[in-house]
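Counting from 1, position 191 in the sequence shown corresponds to residue 191 in the UniProt record's numbering; the numbering is continuous, with no gaps. In this text, a Cβ means the ideal position worked out from N, Cα and C, and glycines have one as well. Everything on this sheet refers to the single structure shown next.
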Amino acid sequence: MRELGVKRPKSRLLAAVLAFILPGSGHLYAGRYARGLLIMAGLMLDVAAIIRLADANGARHLLFIVYLALAVPAFYFVSVYDALQSVERPTEKPSRLTMVSGFLLMIGGLLLAILIRPPASLVPWMNELADYSVGPLLAVTALILIIIYWKGAVDVFKLGRFTSAAIIVAIGCLLLSDQLQNRNDIALLLHWWPAVFVLLGAEIILFSIFNRKKERRLRLDFGGGLLAIIIAATALVVTQYAELPFKWLDQYVELKGSADYGEEKGFRYTKEQIVIPLEESVSEMTISNPNGHVTLRSGDVNSVLVDTEVWVDTEDQTEAGRIAEKSRVDTSSDSAKLTIQGIGEPYGASGGRKPRINLIVTMPREATELSLSVHVTNGEVDVNGVAAAGGLRVNNVSGDIQLSDIQGNVEASGISGSVKLSGITGSANATTKNGAVDVASVSGELVATTINGSVKVKDAGGAVEAETKNGKISIEEAASSVKADTLNGGIELSSSVIGGDWDVDSSVGEIKVEAPENGDFTVYGSVTFGSIDTDFPFTVSKKTVRGTVGAGTYRIQINATNSISIHAIGLLASSAFIDKSF
């Protein structure tokens, strides 16, 4: 039986689990109430700030967001480690609830409330404050490093602690200066990093001078050094990403958030036309433009012509002229490939803003054997009247794609923007995530897919595969097989010729089919909740429809949650299910 007055020891495992589940709760369990509540409030404030900044303008506050995100694992580490330390010291009294702790907790709660529901009058001020907060916060971080050192063991000198603090302060000052003066001095770190060894050497000299008569152990400050490296590397990667030599990250990032793209406003400049001789050995031409429109067309010319328009949206005309002059179009050509690339001169705070460069590329009409590629990050793509025996591939992250009168196979993919194809002699693959897909007159096979948007197809000579998750599908005149699938939306399919199997599926929406009276097909259809309407002599039984027209060569499979309408072509307009607003 336990003696009266003897405290039962706290469980280290329970303290660690609580601290990991919710940082700060392990301290509450160990009796460290003030510290536990402050850790909880700090973590919640950190997460709320990340969400608030991302909603306001993720690109504008990207560096701040990354630093705040890096603080989250730090909260967890401090919570678990310090909670275990508190449990292992059962003889110590719990920390007192001081007035300072109370004031800090009140301030944290008020800031948290403002971040969650910011008053409209404070939102512009909060955005401006966030722009200038990174530098001062880094200076505070360096000060905390020094304070922790002075409060530590007096018989140990941690080599690198002052160097780490100096680096963090320097980065903070550069970031704040760049923001105030609209410069990009943070890039100097790429050239002045050897100063680290100078600072370490100065530390060693000071240690040898002031500790001649003291016996103090010397240790390398791994923690402080690692923190300084993380802060410096993050600042460089985020602010100088466009200038880094590795670009493989682009394929994993669908945001334009890592750069701030200038708009088509401010000061406009026209560059001198670039003339590029097209050698007979060239079989591939690639056009790349991070920010701006790309127009590609053919004409009665002997060389490739590049016309360039630069927009710089800044109020300082002198600065705008300098930026436009340094913005350029690079061209390179080897025996088989011609590359055209728009390169904008960085400007603005931390050099994160890019001017808008619009390119108009005219290629010889006789150059019909090329393989063409167009890559755009932020802008529209318009390709008209070109022949590409090697195919045309277009990729656009943010902006519409329009391809018309193309001879050759076409691949067009986007993320945020519509895709419109017309007059394609060859196969076509049109894909986007947020936008409509509109295709007219394709001689070969067609794949048209989107996640959030409608799909419209007219005059398809080959097999058609149309899919969307949230939107309607309309197909008019399909000469071969058809596969149409939507999760949320109706489907209209009408063709005077059936030359392949049709598979039509809508999870939430009506399906309306028009087929020729003299075709050769067999229909299998079913609905879950709606009704079935047809003027063909099919057998309708409860929620299914079956029937054959002509020889029944091709299969039409229809699966719908709502109603099914099957009519002879030309009679669908009289159906009660028709929706001509599509």
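Three-state class that DSSP yields for residue i in the structure shown
| i | result |
| --- | --- |
| Gln305 | The residue asked about is misnamed: residue 305 is Leu in this sequence, not Gln. Residue state, collapsed to three classes: strand. |
| Gly414 | strand |
| Leu4 | With a pLDDT of only 41 at Leu4, under 50, the local geometry of the prediction cannot be trusted, and the value read off the model is given with reservation. Three-state result, Leu4: coil. |
| Lys483 | strand |
| Pro290 | strand |
| Leu18 | helix |
| Leu13 | helix |
| Gln181 | helix |
| Asp82 | helix |
| Val386 | strand |
| Ala478 | strand |
| Arg52 | helix |
| Leu218 | strand |
| Thr528 | coil |
| Ala139 | helix |
| Ala428 | strand |
| Asp505 | strand |
| Ala460 | strand |
| Val381 | strand |
Where residue i falls, given that 16 or more other Cβ within 10 Å makes a residue buried
| i | result |
| --- | --- |
| Glu272 | exposed |
| Pro23 | buried |
| Gly299 | exposed |
| Ser303 | exposed |
| Val275 | exposed |
| Ile205 | exposed |
| Phe162 | buried |
| Trp150 | exposed |
| Tyr29 | buried |
| Ser565 | buried |
| Leu18 | buried |
| Ile229 | exposed |
| Asp334 | exposed |
| Trp210 | Note that residue 210 corresponds to Phe in the displayed sequence, not to Trp. Exposed. |
| Asn518 | exposed |
| His191 | exposed |
| Gly509 | buried |
| Val374 | buried |
| Arg117 | exposed |
| Val198 | exposed |
Residue i, enclosing alpha helix (DSSP H) - first and last residue
| i | result |
| --- | --- |
| Asn127 | 123-131 |
| Leu115 | 99-116 |
| Trp192 | 189-192 |
| Thr318 | 317-326 |
| Leu200 | 195-210 |
Bridge partners - residue i, DSSP secondary structure assignment
| i | result |
| --- | --- |
| Asp533 | Ser565 |
| Met363 | Ser298 |
| Val540 | Val545 |
| Tyr554 | Phe521 |
| Pro277 | Ser303 |
| Tyr261 | Lys354 |
| Ile511 | Ile491, Ile564 |
| Trp311 | Arg268, Arg356 |
| His375 | Ser288, Asn395 |
| Ile473 | Val455, Ile491 |
| Asp330 | Gln341 |
| Thr468 | Thr450, Thr486 |
| Tyr347 | Arg353 |
Terminal residues of the beta strand (DSSP E) in which residue i lies
| i | result |
| --- | --- |
| Ala448 | 446-452 |
| Ile406 | 401-407 |
| Ala440 | 437-442 |
| Ile343 | 337-343 |
| Gly26 | No beta strand (DSSP E) contains Gly26, which is instead part of the alpha helix (DSSP H) from 25-30. |
| Ile424 | 419-425 |
(request) Could you tell me which uninterrupted beta strand (DSSP E) segments, each at least 3 residues in length, are contained entirely in the region 141-175, listed from first to last along the chain? (result) 156-159, all fully within the region 141-175.
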